[in-house]
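Undergrad:
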Amino acid sequence: MDNDVNNSALRDIPGYFAETLRQHGATAKGVDWNGEESQRVRFRQLSKIIAGEDAFSLNDLGCGYGAYYDFLAGRYADFSYAGFDITPEMLQAAEGRLAGKKNVRLALAAEPDTEADYTVASGIFNLRLGVSDADWLRYIERGLDIMARASRLGFAFNCLTAYSDPPKMRPDLYYAAPCALFDRCKRLYSRNVALLHDYSLYEFTILVRL
1 MDNDVNNSAL RDIPGYFAET LRQHGATAKG VDWNGEESQR VRFRQLSKII
51 AGEDAFSLND LGCGYGAYYD FLAGRYADFS YAGFDITPEM LQAAEGRLAG
101 KKNVRLALAA EPDTEADYTV ASGIFNLRLG VSDADWLRYI ERGLDIMARA
151 SRLGFAFNCL TAYSDPPKMR PDLYYAAPCA LFDRCKRLYS RNVALLHDYS
201 LYEFTILVRL
(Lines of atoms letter the chains of each structure in order from A and count residues from 1; the text may use other names and numbers.)
(Lines give C-alpha, C1' and ligand atoms only; values in the text may rest on other atoms or scores of the structure.)
Protein backbone atom coordinates (compact mmCIF):
# COMPACT_ATOMS: atom_id res chain seq x y z
CA MET A 1 0.00 0.00 0.00
CA ASP A 2 1.37 3.39 -0.89
CA ASN A 3 1.99 6.07 1.72
CA ASP A 4 -1.06 8.11 0.67
CA VAL A 5 -3.39 5.21 1.43
CA ASN A 6 -1.53 4.44 4.64
CA ASN A 7 -1.82 8.04 5.82
CA SER A 8 -5.50 8.12 4.90
CA ALA A 9 -6.15 4.88 6.76
CA LEU A 10 -4.53 6.14 9.97
CA ARG A 11 -5.35 9.85 9.85
CA ASP A 12 -8.51 9.88 12.00
CA ILE A 13 -7.78 6.94 14.28
CA PRO A 14 -5.73 8.78 16.95
CA GLY A 15 -8.57 11.23 17.51
CA TYR A 16 -11.07 8.40 17.83
CA PHE A 17 -9.06 6.60 20.49
CA ALA A 18 -8.18 9.80 22.32
CA GLU A 19 -11.92 10.25 22.79
CA THR A 20 -12.59 6.67 23.93
CA LEU A 21 -9.75 7.02 26.42
CA ARG A 22 -11.18 10.33 27.67
CA GLN A 23 -14.60 8.73 28.17
CA HIS A 24 -13.59 5.41 29.69
CA GLY A 25 -10.03 5.81 30.96
CA ALA A 26 -7.33 3.15 30.79
CA THR A 27 -9.75 0.24 30.54
CA ALA A 28 -10.82 -2.25 27.87
CA LYS A 29 -13.64 0.13 26.89
CA GLY A 30 -11.05 2.88 26.62
CA VAL A 31 -9.59 1.03 23.63
CA ASP A 32 -13.08 0.25 22.26
CA TRP A 33 -13.42 -3.34 23.47
CA ASN A 34 -16.58 -4.61 25.20
CA GLY A 35 -14.96 -5.45 28.52
CA GLU A 36 -12.09 -6.88 30.50
CA GLU A 37 -13.02 -10.55 30.14
CA SER A 38 -13.16 -10.46 26.33
CA GLN A 39 -9.81 -8.66 26.38
CA ARG A 40 -8.30 -11.50 28.44
CA VAL A 41 -9.72 -14.08 26.01
CA ARG A 42 -8.10 -12.16 23.17
CA PHE A 43 -4.75 -11.98 24.95
CA ARG A 44 -4.80 -15.71 25.65
CA GLN A 45 -5.24 -16.48 21.95
CA LEU A 46 -2.45 -14.12 20.88
CA SER A 47 -0.07 -15.48 23.51
CA LYS A 48 -0.21 -18.94 21.97
CA ILE A 49 2.51 -17.68 19.61
CA ILE A 50 4.96 -17.68 22.55
CA ALA A 51 6.81 -20.98 22.71
CA GLY A 52 8.02 -22.36 26.04
CA GLU A 53 9.02 -20.52 29.19
CA ASP A 54 12.41 -19.16 28.09
CA ALA A 55 13.14 -15.43 28.08
CA PHE A 56 11.82 -13.62 25.02
CA SER A 57 11.36 -10.18 23.52
CA LEU A 58 8.07 -8.91 22.13
CA ASN A 59 6.79 -6.00 20.07
CA ASP A 60 3.21 -4.93 20.90
CA LEU A 61 1.93 -3.07 17.84
CA GLY A 62 -0.97 -0.86 18.85
CA CYS A 63 -0.18 -1.22 22.55
CA GLY A 64 -2.83 1.22 23.78
CA TYR A 65 -2.48 1.80 27.52
CA GLY A 66 -0.25 -1.27 27.94
CA ALA A 67 -2.80 -3.88 29.05
CA TYR A 68 -1.04 -6.70 27.25
CA TYR A 69 2.11 -6.05 29.30
CA ASP A 70 0.07 -6.71 32.46
CA PHE A 71 -1.21 -9.97 30.98
CA LEU A 72 2.31 -11.11 30.09
CA ALA A 73 3.74 -10.09 33.47
CA GLY A 74 1.23 -12.35 35.20
CA ARG A 75 2.41 -15.37 33.20
CA TYR A 76 6.06 -14.96 32.25
CA ALA A 77 9.01 -14.20 34.50
CA ASP A 78 11.54 -12.94 31.96
CA PHE A 79 10.66 -10.93 28.88
CA SER A 80 11.41 -7.61 27.19
CA TYR A 81 8.44 -5.55 26.01
CA ALA A 82 8.33 -2.80 23.38
CA GLY A 83 4.99 -1.06 22.85
CA PHE A 84 4.10 1.09 19.85
CA ASP A 85 1.00 3.23 19.31
CA ILE A 86 -0.09 6.11 17.07
CA THR A 87 -2.32 7.83 19.66
CA PRO A 88 -0.26 10.16 21.89
CA GLU A 89 -2.80 10.05 24.70
CA MET A 90 -2.72 6.25 24.74
CA LEU A 91 1.05 6.23 24.89
CA GLN A 92 1.00 8.71 27.74
CA ALA A 93 -1.41 6.44 29.61
CA ALA A 94 0.90 3.47 29.01
CA GLU A 95 3.91 5.46 30.18
CA GLY A 96 2.12 6.36 33.39
CA ARG A 97 0.98 2.79 34.06
CA LEU A 98 4.27 1.08 33.19
CA ALA A 99 6.68 3.61 34.68
CA GLY A 100 9.43 1.81 36.55
CA LYS A 101 8.75 -1.60 35.00
CA LYS A 102 11.90 -3.36 33.90
CA ASN A 103 12.64 -4.14 30.25
CA VAL A 104 9.86 -1.88 28.93
CA ARG A 105 10.19 0.58 26.07
CA LEU A 106 7.37 2.64 24.53
CA ALA A 107 7.34 4.67 21.32
CA LEU A 108 4.88 6.81 19.37
CA ALA A 109 5.03 4.97 16.05
CA ALA A 110 2.93 3.07 13.52
CA GLU A 111 5.39 0.19 13.27
CA PRO A 112 8.17 -1.40 15.33
CA ASP A 113 11.59 0.19 15.07
CA THR A 114 13.41 -2.95 16.13
CA GLU A 115 13.28 -6.71 15.68
CA ALA A 116 11.95 -8.91 18.48
CA ASP A 117 11.33 -12.61 18.95
CA TYR A 118 7.59 -12.01 18.56
CA THR A 119 5.32 -9.25 17.31
CA VAL A 120 1.69 -9.09 18.38
CA ALA A 121 -1.13 -6.84 17.15
CA SER A 122 -4.52 -6.79 18.87
CA GLY A 123 -7.31 -4.79 17.30
CA ILE A 124 -5.30 -2.56 14.97
CA PHE A 125 -6.97 -4.00 11.87
CA ASN A 126 -10.56 -3.41 13.02
CA LEU A 127 -11.38 0.31 12.97
CA ARG A 128 -11.36 1.55 9.38
CA LEU A 129 -13.77 4.49 9.79
CA GLY A 130 -14.38 5.83 6.26
CA VAL A 131 -11.63 3.91 4.45
CA SER A 132 -12.83 1.60 1.65
CA ASP A 133 -12.68 -2.18 1.99
CA ALA A 134 -10.02 -2.42 -0.73
CA ASP A 135 -7.76 0.21 0.81
CA TRP A 136 -8.16 -1.21 4.31
CA LEU A 137 -7.26 -4.69 3.12
CA ARG A 138 -4.09 -3.26 1.58
CA TYR A 139 -3.37 -1.60 4.91
CA ILE A 140 -3.71 -4.97 6.66
CA GLU A 141 -1.47 -6.68 4.11
CA ARG A 142 1.20 -4.02 4.56
CA GLY A 143 0.88 -4.40 8.32
CA LEU A 144 1.48 -8.14 8.08
CA ASP A 145 4.59 -7.53 5.97
CA ILE A 146 5.85 -5.18 8.69
CA MET A 147 5.13 -7.71 11.45
CA ALA A 148 6.93 -10.48 9.56
CA ARG A 149 10.03 -8.32 9.11
CA ALA A 150 10.03 -7.29 12.77
CA SER A 151 9.84 -10.85 14.15
CA ARG A 152 12.45 -13.56 14.59
CA LEU A 153 10.29 -16.44 15.83
CA GLY A 154 6.74 -15.51 14.94
CA PHE A 155 3.88 -13.03 14.98
CA ALA A 156 0.20 -13.06 15.89
CA PHE A 157 -2.74 -10.80 15.10
CA ASN A 158 -6.51 -10.74 15.33
CA CYS A 159 -9.29 -9.42 13.14
CA LEU A 160 -13.04 -9.16 13.33
CA THR A 161 -14.53 -12.00 11.32
CA ALA A 162 -16.57 -11.80 8.15
CA TYR A 163 -18.68 -14.58 9.71
CA SER A 164 -20.16 -12.10 12.21
CA ASP A 165 -23.94 -11.76 12.41
CA PRO A 166 -24.90 -9.10 9.83
CA PRO A 167 -27.27 -7.16 12.14
CA LYS A 168 -24.41 -6.66 14.61
CA MET A 169 -21.80 -5.49 12.09
CA ARG A 170 -20.79 -1.82 12.25
CA PRO A 171 -20.02 0.16 9.08
CA ASP A 172 -16.94 1.79 10.64
CA LEU A 173 -15.34 -1.60 11.35
CA TYR A 174 -13.65 -4.03 8.96
CA TYR A 175 -14.65 -7.69 9.01
CA ALA A 176 -11.92 -9.78 7.43
CA ALA A 177 -12.14 -13.09 5.59
CA PRO A 178 -10.24 -15.55 7.81
CA CYS A 179 -9.31 -18.02 5.08
CA ALA A 180 -7.97 -15.29 2.79
CA LEU A 181 -5.56 -13.98 5.44
CA PHE A 182 -4.59 -17.52 6.45
CA ASP A 183 -3.76 -18.22 2.79
CA ARG A 184 -1.68 -15.05 2.52
CA CYS A 185 0.30 -15.90 5.64
CA LYS A 186 0.82 -19.48 4.49
CA ARG A 187 2.02 -18.46 1.03
CA LEU A 188 4.18 -15.47 1.96
CA TYR A 189 5.55 -15.94 5.46
CA SER A 190 5.68 -19.50 6.76
CA ARG A 191 4.49 -23.07 6.40
CA ASN A 192 3.61 -23.04 10.09
CA VAL A 193 0.41 -21.01 10.39
CA ALA A 194 -2.56 -21.53 12.70
CA LEU A 195 -6.04 -20.03 12.32
CA LEU A 196 -7.89 -19.85 15.66
CA HIS A 197 -11.60 -19.34 15.19
CA ASP A 198 -12.97 -21.54 17.97
CA TYR A 199 -13.39 -19.08 20.82
CA SER A 200 -16.37 -17.05 21.92
CA LEU A 201 -15.74 -13.73 20.17
CA TYR A 202 -16.74 -12.45 16.73
CA GLU A 203 -13.13 -12.51 15.59
CA PHE A 204 -10.25 -14.81 14.75
CA THR A 205 -6.55 -14.98 15.57
CA ILE A 206 -3.76 -16.05 13.25
CA LEU A 207 -0.41 -17.33 14.54
CA VAL A 208 2.56 -17.35 12.17
CA ARG A 209 5.63 -19.28 13.33
CA LEU A 210 8.77 -18.29 11.44
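Numbering (the UniProt record's numbering), first residue to last: 1 to 210. Note that beta-carbon positions come from the ideal geometry of N, C-alpha and C, so glycine has one too.
If we ignore side chains and look at the alpha-carbon of each, how far apart do Met1 and Ser132 end up?
TA: In this predicted model, Met1 has a pLDDT of only 42, less than 50, meaning its place in the structure is not dependable enough to derive any value.
Undergrad: So who's on the other strand from Phe157, going by DSSP bridges?
TA: According to DSSP, Phe157 bridges with Ala121 and Ile206.
Undergrad: Write down every uninterrupted run of the beta strand (DSSP E) in the stretch 157-206 whose length is 3 residues or greater and which is fully enclosed by it, in chain order.
TA: Segments of the beta strand (DSSP E) lying fully in the stretch 157-206: 192-196.
Undergrad: Measuring straight from C-alpha to C-alpha, what distance separates Gly25 and Tyr68?
TA: Going from the Cα of Gly25 to the Cα of Tyr68 covers about 16 angstroms.
Undergrad: Just to confirm my understanding: we take Asn192, look at its own chain, exclude 5 residues before and 5 after, and list those with CB closer than 6 angstroms. What are they?
TA: Cβ neighbours of Asn192 beyond the five flanking positions: Arg209.
Undergrad: Taking only three categories from DSSP, how would you classify Gly83?
TA: In the structure shown, Gly83 sits in a strand (DSSP, three-state: E or B).
Undergrad: What does the alpha-carbon distance come out to for the pair Ile13 and Ala73?
TA: Looking at the two C-alpha atoms, the distance is approximately 28 angstroms.
Undergrad: Between the alpha carbons of Leu46 and Trp33, how many angstroms are there, rounded?
TA: Between Leu46 and Trp33, the C-alpha separation is close to 16 angstroms.
Undergrad: According to DSSP, simplified to helix, strand and coil, what is Tyr31?
TA: Just to set this straight, residue 31 is Val in the shown sequence, not Tyr. Of the three classes helix, strand and coil, the one that applies to Val31 here is helix, per DSSP.
Undergrad: What is the rounded straight-line gap between the Cα of Ser164 and the Cα of Thr205?
TA: The straight-line gap from Cα to Cα measures roughly 14 angstroms.
Undergrad: Considering just the uninterrupted stretch of the beta strand (DSSP E) at Val104, what are its terminal residues?
TA: That run of the beta strand (DSSP E) goes Val104 to Leu108.
Undergrad: For the beta strand (DSSP E) containing Asp145, name the first residue and the last one.
TA: No beta strand (DSSP E) contains Asp145, which is instead part of the alpha helix (DSSP H) from Asp133 to Arg149.
Undergrad: Buried or exposed: where does Arg170 fall if 16 or more other Cβ atoms within 10 Å of its Cβ makes it buried?
TA: By the 10 Å Cβ count, Arg170 comes out exposed.
Undergrad: Is any heavy atom of the ligand FAD found at a distance shorter than 6 angstroms from the C-beta of Lys168?
TA: With respect to small molecules bound, the structure shown includes none, and the ligand FAD cannot be examined in it.
Undergrad: So, does the stretch 146-154 touch the stretch 107-123, judging by three or more C-beta pairs under 8 angstroms?
TA: Touching, yes.
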